[in-house]
């Protein structure tokens, strides 16, 4: 008699499955704590976890440098146009 192999749900992360957790951490470049924090906050959907991880990485990037005031820009451009 053949037994059916239990099929895992591919779009849900099973935190009890060490292999699945390790592969998701490696693919998304997350630590154990970061992954647990994301899962506790938004759930165990792999699509939602990867989306949140990409947002988190985007927020880690440095903010753009501050721009000078518009008065400074106008003065510099008007001085360059005079000669």
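Numbering (our numbering), first residue to last: 19 to 101.
Note that beta-carbon positions come from the ideal geometry of N, C-alpha and C, so glycine has one too.
All values reported here derive from a predicted model rather than from experimental measurement.
Proximity to residue i [Cα-Cα], best of the options
{"i": "residue 29", "options": "39, 20 and 23", "result": "39"}
{"i": "residue 68", "options": "33, 42, 20 and 34", "result": "42"}
{"i": "residue 76", "options": "27, 20, 54 and 46", "result": "46"}
Between the CA atoms of residue j and residue i - distance to the nearest angstrom
{"i": "residue 79", "j": "residue 36", "result": "30 Å"}
{"i": "residue 52", "j": "residue 25", "result": "27 Å"}
{"i": "residue 34", "j": "residue 87", "result": "54 Å"}
{"i": "residue 58", "j": "residue 84", "result": "35 Å"}
{"i": "residue 54", "j": "residue 48", "result": "10 Å"}
Integer-rounded CB distance, given that residue j should sit under 8 Å from residue i
{"i": "residue 31", "j": "residue 62", "result": "4 Å"}
Pair within 9 Å by beta-carbon distance, residue i and residue j
{"i": "residue 60", "j": "residue 50", "result": "no"}
{"i": "residue 56", "j": "residue 74", "result": "yes"}
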